[in-house]
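A.B. asks: Protein chains in written order, with the working numbering: chain A, 1 to 251; chain B, 1001 to 1251.
Just so you know, even glycine gets a beta-carbon here, dropped at the ideal spot from N, CA and C.
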DNA sequence: CAGTGGTCTAGACCACAGG
DNA sequence: CTGTGGTCTAGACCACTGC
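1. Buried or exposed, going by whether 16 or more other CB atoms sit within 10 Å of the CB of residue 1172 of chain B?
2. For the candidate residues B:1102, B:1025, B:1098 and B:1029, whose alpha-carbon lies nearest to that of residue 1242 of chain B?
3. Under 7 Å between beta-carbons, which chain A residues line up against residue 1097 of chain B? List them in chain order, please.
4. To the nearest angstrom, report how far apart residue 954 of chain B and residue 247 of chain A are at their CA atoms.
5. May I ask which residues mark the beginning and end of the alpha helix (DSSP H) holding residue 27 of chain A?
6. Sort B:1196, B:1198, B:1211 and B:1123 by Cα distance to residue 1233 of chain B and report the nearest one.
7. Helix, strand or coil: how does DSSP classify residue 1241 of chain B here?
8. Assign residue 215 of chain A to one of three DSSP states: helix, strand, or coil.
9. So residue 1116 of chain B and residue 1140 of chain B are supposed to be a Cβ contact under 8 Å. How far apart are they, rounded?
10. State yes or no: is the beta carbon of residue 174 of chain A nearer than 9 Å to at least one beta carbon in chain B?
11. DSSP three-state call for residue 249 of chain A: helix, strand or coil?
12. Looking at residue 1174 of chain B: is its Cβ nearer than 9 Å to the Cβ of residue 1199 of chain B?
13. Using the beta-carbon count (16 or more within 10 Å), is residue 86 of chain A buried or exposed?
14. Jot down the residue ranges of each uninterrupted alpha helix (DSSP H) in the stretch 37-64 of chain A, minimum 4 residues, whole runs only, in chain order.
15. Assuming residue 94 of chain A is part of the alpha helix (DSSP H), what are its boundary residues?
16. If the cut is a Cβ gap below 8 Å, which residues of chain B does residue 217 of chain A touch?
17. Does residue 1205 of chain B come out as helix, strand or coil in the three-state DSSP assignment?
18. Residue 1121 of chain B lies in the beta strand (DSSP E); which residues open and close that run?
19. Name the residues in the stretch 185-209 of chain A whose C-beta lies less than 7 Å from a C-beta of chain B; which are they?
20. Can you list the residues of chain B that residue 241 of chain A reaches, using a CB-CB cut of under 9 Å?
21. Which same chain residues, not among the five before or five after residue 1110 of chain B, have their C-beta less than 6 Å away from its C-beta?
22. Please check if any C-beta of chain B sits within less than 9 Å of the C-beta of residue 245 of chain A.
23. Step through the CB atoms of chain B and report whether any lies within less than 9 Å of the CB of residue 10 of chain A.
24. Could you pull the start and end residues of the beta strand (DSSP E) that residue 182 of chain A belongs to?
25. Give me the DSSP bridge partner(s) of residue 1221 of chain B.
26. For residue 1329 of chain B, which residues from the same chain have a beta carbon less than 7 Å from its beta carbon, with the 5 sequence-adjacent residues on both sides left out?
27. DSSP on residue 1067 of chain B, reduced to helix/strand/coil?
28. Following the continuous alpha helix (DSSP H) through residue 155 of chain A, name the residue where it begins and the one where it ends.
29. Cutting at 6 Å between CB atoms, please list the residues of its own chain near residue 1024 of chain B, excluding the five before and the five after it.
30. If you drop the 5 nearest sequence neighbours on each side, which residues of the same chain put their C-beta closer than 7 Å to that of residue 228 of chain A?
31. Within the continuous beta strand (DSSP E) that includes residue 1101 of chain B, where are the two ends?
32. With residue 239 of chain A and residue 218 of chain A assumed to form a contact (beta carbons below 8 Å), what rounded beta-carbon distance in angstroms separates them?
33. For residue 125 of chain A and residue 1072 of chain B, what's the separation of their Cα atoms in angstroms?
34. By the three-class DSSP mapping on this structure, what secondary structure does residue 1226 of chain B have?
35. So, at 6 Å on beta carbons, what are the nonlocal neighbours of residue 1203 of chain B in its own chain, with the 5 sequence-adjacent residues on each side left out?
36. Consider the Cβ of residue 1112 of chain B: report whether some Cβ of chain A lies at a distance smaller than 9 Å.
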């Protein structure tokens, strides 16, 4: 990086014009782009800090700041004495980053899943809005029933843009879908935003969960965003919270 | 800090025995202790980085790492060109750190509050468990009704250890309680953990909120923790989510 | 042992705020 | 203009891992 691509040059020459992008931010973005294109395999090891520094023409400290930022975003994992690795969507990560339902008494635990149906269809209005799809787009819909500690407690409906996941509809679906997206389609979910409401359990879900219709249920509306910012998955879950709760830490 | 208080001494002498505590961590803890004892007033400015470094006998870079850590924990606020300040519990901070209910359409907004009753009583079993109180402890209980965009949508019950808040029960209570705790009792809420469930709205809350009993409500059970780790407040809120949702970002 | 990330230091210069 | 935090560099040494 002998030439600063734009603006910002503490310790160097050049002049800042508008908006200051520090060097470590530029390094972060370069590494992020490489990550998004799958330059390193999931779980693979990145070059060492001195190697990256030499390659990018930047000091090791600057590389470190960029790597630390990506680590804070859960995209990398650093282990002293071992190296820096591409974060994987294993159950441990999912459990801590994406799954917030916990049994009232007992350990944090990953749920089992039973796929009920998989269909392809034209995206409806709500799917188009949530996934930012244009009118003629098609989606894959998955219905699942999820079990925690032997109790069926989550009825889940998942919508995916079919264009991003060709052939998904005829696959055998694993319990951990984010792992599948990463391994088979090169799509890495980086973050998600959820909206929670309390609703009356609709008839269909009530039957599936073996509960009375009208039982209060926690409705979780989740939009999952890929590492490159694309909206990848919309998920609507209805949860019986008699023996569960949704844990949220306000730090 | 000519003498390292214990263990860990990269770049120095001494030997690590068990458990390594880096220098910047020790600095963080010293500053944290000073913060907890109110050495600097809320909103006040800390000494500059070079000043702190000289005082603690540590390099500026090490002080910086400690200050950055405390900033990441929302205990400090740093502003380039101005200085480093003790974070205040103003409505802006509360809104972003502690209040997650958002109108489905419309801006993020701080709710209005109407205090219904304030009573003193012996802590019941649930309060003792949540607040870690021993059997004869007493609490102050507050009941509030909260309004968002003109709609009453939250019925709230708050329990506080009376020992921590003498005379609170006869005070006029502001909308922003955390600000009161900090200003009047020197107790700074640093973080909170919430457990969410979907429940049927009980008769009492239903009447207060003008809703039918049995309406589904989002129940938020929040425990607030002070900067020194004490459990300070237990809050149980029941929310009508017809036009609201609880927003949760999974980063 | 060699290689990795983690800590600490010292110094230079930049961006920003306010007098 | 001065003082603040923010960035960048270079180099030394420490802690951890695995051969």
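C.D. replies: Reading it off the structure:
1. By the neighbour-count rule (16 or more Cβ atoms within 10 Å), residue 1172 of chain B is not buried but exposed.
2. It is B:1102 whose Cα lies nearest to the Cα of residue 1242 of chain B.
3. Close to residue 1097 of chain B, with beta-carbon spacing below 7 Å, are these residues of chain A in chain order: 250.
4. The structure shown does not extend to residue 954 of chain B, since chain B is modelled only from 1001 to 1251, so the question has no answer here.
5. DSSP places residue 27 of chain A in the uninterrupted alpha helix (DSSP H) bounded by 23-36.
6. When only C-alpha atoms are compared, the closest one is B:1123.
7. Secondary structure of residue 1241 of chain B (DSSP, three-state): coil.
8. If DSSP states are grouped into helix, strand and coil, residue 215 of chain A belongs with coil.
9. By a beta-carbon distance limit of 8 Å, residue 1116 of chain B does not contact residue 1140 of chain B. Their separation comes to about 14 Å.
10. No, no contact with chain B.
11. Of the three classes helix, strand and coil, the one that applies to residue 249 of chain A here is strand, per DSSP.
12. For the 9 Å CB-CB criterion, residue 1174 of chain B and residue 1199 of chain B do not form a contact.
13. Per the 10 Å Cβ criterion, buried.
14. Restricting attention to alpha helix (DSSP H) runs no shorter than 4 residues, the stretch 37-64 of chain A encloses them at 49-56, ordered along the chain.
15. Looking at the DSSP string, the run of the alpha helix (DSSP H) that includes residue 94 of chain A is 91-97.
16. The answer, in chain order, is 1198 and 1216.
17. Helix at residue 1205 of chain B.
18. Unbroken beta strand (DSSP E) run through residue 1121 of chain B: 1112-1122.
19. Within the stretch 185-209 of chain A, the residues whose Cβ lies closer than 7 Å to any Cβ of chain B are, in chain order, 191, 192, 193, 194, 195, 196, 197, 198, 199 and 200.
20. One finds 1196, 1197, 1198, 1199 and 1219 in chain B with Cβ atoms closer than 9 Å to the Cβ of residue 241 of chain A, taken in chain order.
21. Cβ within range, chain order: 1091 and 1095.
22. Residue 245 of chain A counts as touching chain B.
23. Caution is warranted here: a pLDDT of 44 is assigned to residue 10 of chain A, below 50, making its placement in the model unreliable, and the coordinate value is therefore given only provisionally. The beta carbon of residue 10 of chain A sits no closer than 9 Å to any beta carbon of chain B.
24. Per DSSP, residue 182 of chain A belongs to no beta strand (DSSP E); it is in the alpha helix (DSSP H), 177-185.
25. Residue pairing from DSSP places residue 1221 of chain B in a beta bridge opposite B:1195 and B:1236.
26. What the structure shows of chain B is the stretch from 1001 to 1251, and residue 1329 of chain B is not part of that stretch, so it cannot be assessed.
27. The answer is helix: DSSP assigns residue 1067 of chain B an H, G or I state.
28. Per DSSP, residue 155 of chain A lies in no alpha helix (DSSP H); the unbroken beta strand (DSSP E) holding it starts and ends at 151-161.
29. Correct list, in chain order: 1062, 1065 and 1066.
30. Within the same chain, residue 228 of chain A has close Cβ partners 36.
31. Start and end: 1101-1103.
32. At roughly 4 Å, the Cβ-Cβ gap stays under 8 Å, so residue 239 of chain A and residue 218 of chain A are in contact.
33. Near 40 Å, if we compare the C-alpha coordinates of residue 1072 of chain B and residue 125 of chain A.
34. Here residue 1226 of chain B sits in strand by DSSP.
35. Counting only Cβ-Cβ distances below 6 Å, and skipping sequence neighbours, we find 1213.
36. No, residue 1112 of chain B lies away from the interface with chain A (no Cβ there is under 9 Å from its Cβ).
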